[in-house]
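Colleague: Sending over a structure as structure tokens; questions will come in a sec.
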Amino acid sequence: MDVEVVKQKKLPLLNRERVTGFVHFDSATPSRLDIKKAVAKKINAKEDFTVIRHVYQRFGERKAKIIAHIYEDASMMKKLEPENLMKKHTKKEEKKEEAKETPKEEKKSE
């Protein structure tokens, strides 16, 4: 998987950097986690503060346009990024563990 950075824009009021680029790949479209690792490595940023905002894939092409936000700290990332988007950046194993931790309510029979 290759990452091509087209545009980088600093947003000082939001403590983040917006990165626009393309991801070139050989097989299926990579997951957000794989893209996140590749973008963080290319930009020399921390993987924990990187969020893949959009992945635009065209049918039949082996590339996808991406928009990523790279934050300076975790507090701004938690304030600005929606919760459902942050769930997409976690592994499925972690999601299953969270589901197991929440106890189910017992049904009362009358």
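For the numbering used here, add 1 to where a residue sits in the sequence shown, where the first one is 1. Ideal Cβ positions, reconstructed from N, Cα and C, are used throughout, including at glycine. Note that the structure is a prediction, hence the values are computed from the model and not measured.
(1) Taking 8 Å as the threshold (C-beta atoms), are R19 and I53 in contact?
(2) Which of helix, strand or coil does DSSP assign to E48?
(3) Measuring alpha carbon to alpha carbon, tell me which of R33, E48, A39 ends up nearest Q58.
(4) Got a sec, what are the start and stop residues for the alpha helix (DSSP H) A75 sits in?
(5) With DSSP run on the structure shown, which of helix, strand or coil describes A65?
Modeller: Straight from the coordinates:
(1) The residue given as residue 53 occupies position 52 in the sequence shown. The residue given as residue 19 occupies position 18 in the sequence shown. Going by C-beta atoms, I53 is not nearer than 8 Å to R19.
(2) As a first step, residue 48 is located in the sequence shown; it is residue number 47 there, counting from the start. Three-state result, E48: helix.
(3) Translated into positions along the sequence shown, residue 58 becomes position 57. Of the listed residues, the one whose Cα sits closest to Q58 is R33.
(4) Walking along the sequence shown from the start, residue 75 turns up at place 74. Counting along the chain, A75 sits inside the alpha helix (DSSP H) bounded by residues 75 to 81.
(5) Counted from its first residue, the sequence shown places residue 65 at position 64. Looking at A65 - three-state DSSP - the assignment turns out to be strand.
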